[in-house]
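Note sheet for the following structure.
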Amino acid sequence: MAEKKKKLLQGNEACVEGALYAGCRFYAGYPITPSTEIMEGMSVRLPKLGGKFIQMEDEIGGIAAALGGSLAGLKSMTATSGPGFSLKQECIGYACLTEIPLVIVDVMRGGPSTGYPTGPSQSDIMQAKWGTHGDHPVIALTPSTVPEILTETIRAFNLAEQFRTPVMVLYDEILGHMREPVTIPNPGEFAVEDRAKPEVKPEDYYPYDDKFLIAPLAPFGSGYRFHVTGLNHKQDGFPTNDSKVIRENNLRIMRKVDINRETIWKNEEVMLDDAEVVIFTVGSTARSARFAVNELRKVGVKAGLLRPLTIWPFPDRAVAEISSRVKAIIVPELNLGQMTLEVERVAKGRCAVEGLYRVDGEPITPSQIFHEVRKYL
Amino acid sequence: MSTPVAEKKEKLSVPFDYNKYLRPNKLPHIWCPGCGHGIVLKAMLRAIDKAGLDKNNIALVSGIGCSSRTPGYVDFNTLHTLHGRALPFATGIKLAKPEMKVIVVTGDGDALAIGGNHFIHACRRNIDITVLVFTNATYGMTGGQYSPTTPLESIATTSRYGNIEPPFDTCEMAKASGATFVARGTAYHTIELEKTIHEAITHKGTSVVDIIDACPTYFGRANKFKSATQMMEEIEKDGTVNVKQAASLPPEKLAGKMLRGVLHKVERPEYCEKYETLIMEKANAKK
Amino acid sequence: MTESAAKKLPRIVVNEKLCKGCSICVDFCPTDVLEMKGSIAAVKNLEACTRCQLCDLRCPDFAIQVFD
Ligand SMILES: Cc1ncc(C[n+]2csc(CCOP(=O)(O)OP(=O)(O)O)c2C)c(N)n1
Ligand code: SF4
Ligand code: SF4
Ligand code: SF4
Ligand SMILES: [Mg+2]
């Protein structure tokens, strides 16, 4: 076995490592703080691997070119931050309906608008889910350490390729720029998934073959000539006005993620067994929460942490289960209550749900969480 | 009715077999009676045939609009994207698979308004993509609003009192942006158009063909044209002059006319080749 | 046999399912071979056809073909 390489990496650099490990060979994007190091890293690394990198004229161009690259058969990615994420939304919906695999990294910064470019934020949680129009499936991952950015980026590519859908990786500016020791995995250490290739002859191929929940996707230029459109389409890819087909397809793209929730969900549970108050949070805020839980335990408070690494689809089962046996769920987040709304929805009044918000460009501290939890005891 | 000499010379003894390239059962197309887009589509297919391209190797990419419905009818790798975004999608395909022939079909609104930024940057990169701009001087699909090529004072549903925005000269813009092949054609001059498109798709680098065609339904009706024929005669035939003929015409005969034919053709390193020869080589040398 | 009878006439086929009746073919035929019958193009004077193909070339709808 090759010797493991340990490196001190910035979150955004770890993202590059994860993407390349997962087989990403196409990157298109537009620079924006605090995500730019990803694209800079890709511009250096991809050509060495025979991959393609292009700096586009704006974020829409970035995601559109990445979708073109993916359709041509390369695992593709784009990365951005708040304002750029807003610009990409129409293309995200396009990727959902046309079922083109793609990874979109959003290093969240303070908003709205240009907001606070160098300040951390978690205010794109809802944009990730609802940013594009129309009901559509969303998978979004929320790492909270630098090593986790690497591994969750690998997971994002695997999910995108398996489910033929865009997958987002959301983390805040603190994680994007912080440095932690990271072990670069050896080949084979993590599973790497590739999209299914058609097994039928070109004349029998349908890009949305209704024999499948997720049909194989042939790359452009491989002899499988087919049509892709953002209009509602039939299994052969051509537009349709047939209301039954439209409904079935709209439901299917939701269902492919929905019925596989169990495999997409991923939570870290810290001291939940006997917990009376549980903190639910993601990203850098979870780091403060973990610290607070330890401090609370020291003073005899039965606190726990539920930390989703998959924020979309929302971890309904874990939150429902916890809500039936704790006094309160505290939701610290760097926004004005985006995850709190979801926790309230799932908890259905079975326990108190309290948000702890911060939108001043500063992180939520362990002591803020510590004091908030104590209010419930 | 007189026929220009160039059109008369080349007689085709058999009808061209469009079915070789059309998808079965997709006709009739959605375009209105007399819409120029169908004429342009046919010229494009003849040009592709002449170039001897392999269907498996062609990606035809469009945005949104009446013109952008073209890919649905033809048997290539076809991609109907979002309004204005055909070029960046096409750029992604081309860069990922440079061996593919990538052609963009786009409307004047699609290419020059919402997609204007992508248009100039694609030209600047000189990436090997052919861009066919279907210039009908209106937004056909949304019902005839004025577009970036609507002539001054023309009537549209959003310029009921006359358009006060000067139109773009698509070719000048493409040239200034760095496209290495720039040409103009019309649906009326269909054989000349076929040749021009053929030259565009066999050119290495960004090639742009501005194709004047008619939207009888909206631009035509709003501006008191009686028929598609009248539009083709007045706008496409009388409103343009071939660049070669123009050389020998006095200025007063050229006033208000758009030039047709190949307007600009230069050699400049192509983007994907540069990527291979410069970026890839340097990146790997550094290893 | 007269000369004109010996002359092989072209075959003009209008696909009535595809013709949208724009009359472009009729208007641009240099020898006035075609006419509109209702909203479909039709042949009026086949003898005059020079096989120039202009009708086909300018038909937006793949609806008319001239065979030798
Ligand atoms: C983001 C977005 N904005 C607006 C529209 C509505 N829209 C559809 S086609 C179109 C204009 C099409 O004009 P053009 O590109 O010139 O094509 P034409 O229909 O004239 O061939 C517009 C405004 C849209 N589909 N998407
Ligand atoms: S609206 Fe205009 S551009 Fe659209 S199909 Fe009809 S004639 Fe053509
Ligand atoms: S040009 Fe074509 S569609 Fe128009 S009338 Fe003639 S055959 Fe019919
Ligand atoms: S081939 Fe020429 S002459 Fe004959 S009908 Fe067509 S346009 Fe007229
Ligand atoms: Mg238009």
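Chains as they are written, first to last, in the working numbering: chain A, 26 to 402; chain L, 92 to 378; chain F, 43 to 110.
Glycine included, every Cβ here is placed at the ideal spot set by N, Cα and C.
- Nearest neighbour of L:Asn208 by Cα position, chosen from L:Thr261, L:Gly163, L:Thr226 and L:Thr161, turns out to be L:Thr261.
- Of all residues in the stretch 102-127 of chain L, those with a C-beta nearer than 8 Å to a C-beta of chain F are Lys102, Leu103, Ser104, Val105, Pro106, Phe107, Tyr109, Leu113, Leu118, Pro119, His120, Trp122, Cys123, Pro124, Gly125, Cys126 and Gly127, reading in chain order.
- Within the model, the alpha-carbon separation for L:Lys328 versus L:Ala150 is close to 31 Å.
- Using a cutoff of 8 Å, the CB of L:Asn254 does not count as near ligand 1, since none of the ligand's heavy atoms is closer than that.
- Here the distance from the Cβ of L:Asn333 to the nearest heavy atom of ligand 2 is not below 8 Å.
- Taking a cut-off of 6 Å from the heavy atoms of ligand 3, the residues with a C-beta inside it are F:Val56, F:Cys61, F:Lys62, F:Gly63, F:Cys64, F:Ser65, F:Ile66, F:Cys67, F:Ala83, F:Cys101, F:Asp103, F:Ala105 and F:Ile106.
- Remark: C-beta atoms of L:Lys192 and L:Leu144 approach each other more closely than 9 Å.
- Taking 9 Å as the cut-off between beta carbons, the residues of the stretch 168-185 of chain L near chain A are Asn168, Thr169, Leu170, His171, Thr172, Leu173, His174, Gly175, Arg176, Ala177, Leu178, Pro179, Phe180, Ala181, Thr182, Gly183, Ile184 and Lys185, in sequence order.
- Restricting attention to beta strand (DSSP E) runs no shorter than 3 residues, the stretch 158-242 of chain L encloses them at 168-171, 192-198 and 220-226, ordered along the chain.
- With its beta carbon at least 9 Å from every one in chain L, A:Asp219 lies outside the interface.
- The beta carbons of A:Pro72 and L:Ile370 sit about 5 Å from each other, so the pair counts as a contact at 8 Å.
- Under DSSP, no beta-bridge partner is assigned to A:Arg350.
- The alpha-carbon separation between A:Arg286 and L:Gln236 amounts to approximately 46 Å.
- Within chain L, no residue has its beta carbon less than 9 Å from that of A:Leu122; the closest one is some 11 Å off.
- Rounded to the nearest angstrom, the Cβ distance from L:Val152 to L:Ala134 is 18 Å, too far for a contact under 8 Å.
- Across the set L:His128, L:Gly234, L:Tyr366 and L:Pro119, the C-alpha of L:Tyr366 shows the shortest separation from the C-alpha of L:Pro189.
- Residue-level contact by beta carbon fails for A:Ile57 and chain L, as no gap is shorter than 9 Å.
- Shown in chain order are the residues whose CB sits closer than 5 Å to a heavy atom of ligand 2: L:Trp122, L:Cys123, L:Cys126, L:Cys157, L:Gly231, L:Cys306 and L:Thr308.
- Not one heavy atom of ligand 1 sits closer than 8 Å to the Cβ of L:Glu244.
- Beta-bridge annotation (DSSP): A:Phe78 is paired with A:Tyr52.
- Looking at the backbone, the Cα of L:Thr331 and that of F:Met78 are separated by about 29 Å.
- Bounds of any beta strand (DSSP E) do not take in A:Phe251, whose DSSP letter is neither H nor E.
- DSSP lists A:Pro264 as the bridge partner or partners of A:His258.
- Counted as a single uninterrupted DSSP element, the alpha helix (DSSP H) harbouring A:Tyr119 occupies residues Gln114 to Thr123.
- Partner residues in the beta bridge of F:Ala84, as assigned by DSSP, are F:Glu77.
- Taken in chain order, the members of the stretch 310-344 of chain L whose beta-carbon sits within less than 8 Å of a beta-carbon on chain F are Ser318, Ala319, Thr320 and Met323.
- Distance from the C-beta of F:Asp69 to the nearest heavy atom of ligand 4 is not below 8 Å.
- With a threshold of 9 Å between beta carbons, F:Val75 makes no contact with chain L.
- By the beta-carbon neighbour count (other beta carbons within 10 angstroms, threshold 16), F:Thr73 is exposed.
- Taking 9 Å as the CB threshold, L:Pro307 lines the interface with chain F.
- For L:Gly129, the three-state secondary structure derived from DSSP is helix.
- Not one heavy atom of ligand 1 sits closer than 8 Å to the Cβ of A:Glu84.
- L:Ala265 does not reach chain A, its nearest Cβ partner there being about 15 Å away, counting only Cβ pairs nearer than 7 Å.
- Nearest in C-alpha terms to A:Ala153, of all of A:Pro145, A:Gly107 and A:Glu369, is A:Gly107.
- Close to A:Phe245, with beta-carbon spacing below 8 Å, are these residues of chain L in chain order: Ala150, Asn168, Leu170, Ile184, Lys188 and Met191.
- Within chain L, no C-beta atom comes less than 9 Å from the C-beta of A:Arg342; the nearest is roughly 36 Å away.
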